[in-house]
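As given, the protein sequences belong to chains R and G, one line each in that order.
Here my numbering is used: position 9 in the first sequence is 656, and no number is missing along the way.
Here my numbering is used: position 197 in the second sequence is 212, and no number is missing along the way.
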Amino acid sequence: MRYLPKSESDREVMLREIGARSIDDLFATIPAQYRLKRDLSIPRAYAESEIVEFFRQRAADCAQGYATFLGAGAYSHYRPVVIDSLVSRGEFFTAYTPYQPEIAQGTLQSIFEFQTMICELTGMDVANASMYDGSTGAAEALMMAARITGRHKSVVASSVHPEYREVITTYARYQGMPVSTIGYLKNGRVDLEALDKAIDNETAGVLIQSPNFFGTLEDVAAIGEIVHKKGALLIVSIAEAVSLGIVKPPAEADIVSMEAQSFGVPLGFGGPYCGVMATREKFVRQIPGRLVGETRDRNGKRGFVLTLSTREQHIRREKATSNICTNQALVALMCSIFMTVYGREGLKELAKHNLAKAHYAAEQFKKSGATLLFEGAPRFNEFVIQTKADPYTVNDKLLGQRIIGGFPLKKLYPELGNASLWCCTETTTKASIDKVAKEVAL
Amino acid sequence: MNLNEKIRKATTHISQNEVLIFERSSAGKKAYKLPPLDVPDVDSAKLLGEQARADLGHMPEVSEIEIIRHYTRLSTWNYAVDHGMYPLGSCTMKYNARVNEVVARLMGLAEAHPYQPERVSQGALLIQQMLRVQLMEITGMDAITLQPAAGAHGELTGIMLIRAYLESQGNPRKKILIPDSAHGTNPATAAMAGYTVENLKSNAAGMVDIASLEAQVNEDVAALMLTNPNTLGVFEQEIHKIAEVLHAKGALLYMDGANMNALVGKVRPGDFGVDVMHLNLHKTFSTPHGGGGPGSGPVACKKILERFLPVPVLVTKPDGSLGFDYNRPQSIGRVRMFYGNFGMHVRALAYIMANGPDGLRQTTEDAVLNANYIRKGLEGNYDLPYKTPTMHEVVFSDRLQTPKGIKTGDIAKRLIDYGFHPYTVSFPLVVPGALMIEPTESESKASLDMFIEAMKDIAEEAEQHPEIITEAPHNTRISRLDETMAARKPVLRWKPQSEAAGK
């Protein structure tokens, strides 16, 4: 086996040294009746060339090179080549959690920079080193709100990504955390009256998403006022991180729960992505996950360490803020590199391209006869249209032209009829928008 | 004396200094260029109104070459499996094959959107399906989900399956039993699933004490969470009895699969009574640890738990194509959006394919051989608190070194000077001053010999020049860091000097 650095004679010498007659001696503690006396029934070992060929074929069986109008929590942005070039360095990807800071300063400093950039973009004081993804991060944010307030109920907007809400339902069930849902208005924004009614003096946290699942930007200030008046915490989920280049950060939030996939992480059929949680300084001891902090060595030199670990499972066990251990470090590194490549000006310009493309597409689709929903509130790079034809039929036609259409909403929001959610990013071409405009007219 | 005279594996060399990326920034530098906008430009203030953002604060402005140098320099400050032995116990730091990285980045897979129609996702679905089938065969279980994002996430999923099953029987029960040698994630998971944790004491051999187990298992116990081999590297020889005791009282057996690298191809948890378990693809199946993640934590279970698995479940449809089944009324629900860390699924399948049945078995045998070779080599120099046979990892203690004021953490720091990543320090908690060593199969005899020699030299230094060890590491870019200061006055982000000073 080509990954194993031993010859047969090495093994024999080692067994002799140990005092074992054969390798079986070392497995003698396993009760005989359970020892596997046959080969595992899996395919034979493949050559590297065969492995590459196998996966090439699988890749060809996917929509390779299609234009896509899908967003809905996973966004197709261009990934600068330096990202893979740098994260492919073995020093990054074959290391683990930086438990030994003297030989992990590379990982530690890059996480410290990641935390800083997330704070700059979200307007929060502290950010953690990453969570699994935006959905589990949102669930953990609600649990964090419960720890901080000592209350137990949650309120979640129905315009939060439906799969995030499903994950929250799963997590909340055994936390003794009732979750109520509030609807949206004709402009796609949270129904503030319903929100006001839904919060009581047992409500710990209110979760909204902005841009929300329909692409609409919420009025975070107005929501914050209602939430805070009743002593609850406001959690803002951001699924499309690129929006932060041009949209005001949610200053009124107590916790920001982000999915940073848009920052240079491949779509990869849904993962791995990069959740991240940011909050106010006063709540830092309740944040889950790893935190990197600055300190000094014995000679006064600046260095970085994992810190405040008394929050975590390996110290606190059942009293920890979360059971999270492994996070998404390498993916967070991709995000850091992406944020660094675009930087202060580029993120703005990039976000503007997204805004312009989505605006153009929405206008063109409207002109061809589709109905644009949720007008009257600002959007970023996604919008919802209603078509006369079933969106699945529209998408079937587009697929023949190697275009993947918008995300049909019929199953998740039946009240919206033939609606679908469309996304344009900087990678969407005018030509493909114009092609689609013809099909959505029908 | 010369601090470095005995060190063979490593030597110091010049490495570049590097500031924080923000300290490299100056207005107007760029590392990007967008193509010309092919649609009419928009007035963002007009479109966004008061939601428009004015500026991006202190986000960096640097050029491409500076980015390359910045991260390359940072990378050289890390130790990694690619440098050498990384015997971090319980983490299974094995070789990460390069072909896995290549295939995971193939365009059709890397650019697949999770919501693209199933008919143009068959390649991705087949990869998941093959991985599911092969992991079920490897574990001897009946059903599996690939959705959990990491080991601890898999634990939570598994315990929720147990809870859902017990609820369907009329009583979710109250407690989870957890041995004192368990990973911290186990009790934290039990708490997240709404259970209280009851500690289970190990016996003198480092194994579950059957008599205590019998005394503790009652109608309130939902399950036992057991790592096997446990964190002492010891196989629970009476595993079948453990399962029997639990099952007789209607409780289930959860296996933490963190140490599956000791078992693959030799024995299957499904055969010895485990009801549900998670795997860590980033440990046993070689997906890279990435400086702390991403992981992937599939959960495999027996038939009785299948109907509770997270939605959606991958199925073969009547027309023979693969697709997701969302109609699972008894499911615990989703534990993550989409379908899990697919990129890790690709790599794990590539690993299994590269090995085949022979390779997987040989891998396990070599992992166990390596741990036993280290045990033999260091017995006598370090205290071995449990004499029970070792599987894939061996746990020593610092008992012989503490009289000289040397603790496990100090030995670890000196090992850094010798060019190795340290073992896991002070874990498991049942061994005071533990040195938990897991070499994995990826080490040659020569590299193990060098490790043993280094550990022996350190033991000798502990006798003769203990101050060398307590002051270690000596050869790194930075010396020991003040962790107390970091926690007392947390500085968790960079601020420009003017702001930092003003505070």
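All residues carry an ideal CB built from backbone N, CA and C; glycine is no exception.
Hey, quick one: how far does the alpha helix (DSSP H) through I677(R) stretch, first residue to last? Segment: none, I677(R) is in no alpha helix (DSSP H) and carries neither H nor E.
Are T954(R) and G308(G) closer than 8 Å when you measure CB to CB? no
Strictly by DSSP, which residues pair up with T439(G)? M451(G)
Report the option in K1058(R), N834(R), D866(R) and P825(R) whose CA atom is closest to the CA atom of D847(R). P825(R)
Under a CB-based cut-off of 8 Å, is M905(R) close to chain G? no
Determine the burial state of R23(G): buried for a count of at least 16 other Cβ atoms within 10 Å of its Cβ, exposed for fewer. exposed
In angstroms with no decimal places, state the Cα-to-Cα distance between Y743(R) and H98(G). 13 Å
List the residues of chain R that K45(G) touches, going by C-beta distances under 8 Å, in chain order. G990, E992 and G993
What residue range does the alpha helix (DSSP H) around A238(G) cover? Careful: A238(G) lies outside any alpha helix (DSSP H), inside the beta strand (DSSP E) at V236 to T242.
Going straight from the alpha carbon of G173(G) to that of N111(G), what length do you get? 27 Å
According to DSSP, which residues form a beta bridge with M292(G)? M270(G) and A315(G)
Apply the 10 Å Cβ neighbour rule to L842(R) and answer buried if 16 or more other Cβ atoms are within range, or exposed otherwise. buried
C-beta contact flag for D413(G) and I484(G) at 8 Å: no
Residues in its own chain within less than 8 Å of I870(R) by CB, not counting five upstream and five downstream? V837, L839, L842, V853, I855, L881 and E899
Pull the bridge partners of K190(G) from the DSSP assignment, please. T211(G) and V236(G)
G915(R): which of S183(G), V361(G) and I493(G) sits nearest, CA to CA? V361(G)
Write down the C-beta distance between F910(R) and F860(R) rounded to the nearest angstrom, noting that I regard them as a contact closer than 8 Å. Actually they are not in contact, since the Cβ atoms of F910(R) and F860(R) sit about 20 Å apart, beyond 8 Å.
Leaving out the 5 sequence neighbours to the left and right, which residues in its chain are closer than 8 Å to V729(R) when beta-carbon positions are compared? I984 and V988
Count the CB pairs spanning the segment 334-341 of chain G and the segment 127-134 of chain G that are closer than 8 Å, and state whether there are at least three. yes
From V506(G) to R798(R), what distance separates their C-alpha atoms? 29 Å
According to DSSP, is Q1033(R) helix, strand or coil? strand
Using 8 Å as the limit for Cβ to Cβ distance, is C982(R) near chain G? no
Simplified DSSP state of T1040(R), which is helix, strand or coil: helix
Neighbourhood of K518(G) by C-beta distance below 8 Å, restricted to the same chain and skipping five residues each side: With a pLDDT of only 49 at K518(G), under the threshold of 50, the placement of this residue in the model should not be trusted; the figure read from the coordinates follows. Excluding residues within five positions, the ones whose Cβ falls inside 8 Å are K510.
Measure the beta-carbon distance from L384(G) to V410(G) and round it to whole angstroms, keeping in mind my assumption that it falls under 8 Å. With a Cβ gap of about 17 Å, L384(G) and V410(G) do not count as contacting.
For N93(G), the residue or residues it bridges with in DSSP: A751(R)
Is Q345(G) buried or exposed, if buried means 16 or more other CB atoms sit within 10 Å of its CB? exposed
May I have the straight-line CA-CA distance separating E33(G) from R84(G), to the nearest angstrom? 9 Å
So is G666(R) buried or exposed if we call it buried at 16+ other beta carbons inside 10 Å? exposed
DSSP beta-bridge partners for T850(R)? K800(R)
With a 10 Å radius around its C-beta and 16 neighbouring C-beta atoms as the bar for buried, classify E887(R) as buried or exposed. buried
Coarse secondary structure for A706(R), derived from DSSP in three states: helix
Could you tell me which chain G residues have their CB closer than 7 Å to the CB of T1076(R), listed as they occur along the chain? D53
Selection of the segment 102-113 of chain G by Cβ proximity to chain R, strictly under 7 Å: L103, C106, M108, Y110, N111 and A112
Just the chain G side, please: which residues come within less than 7 Å of I1090(R) by C-beta, in chain order? Outside the modelled stretch of chain R, which goes from 648 to 1089, sits residue 1090(R), for which no answer is possible.
Beta-carbon proximity check, R937(R) vs A776(R), cutoff 8 Å: yes
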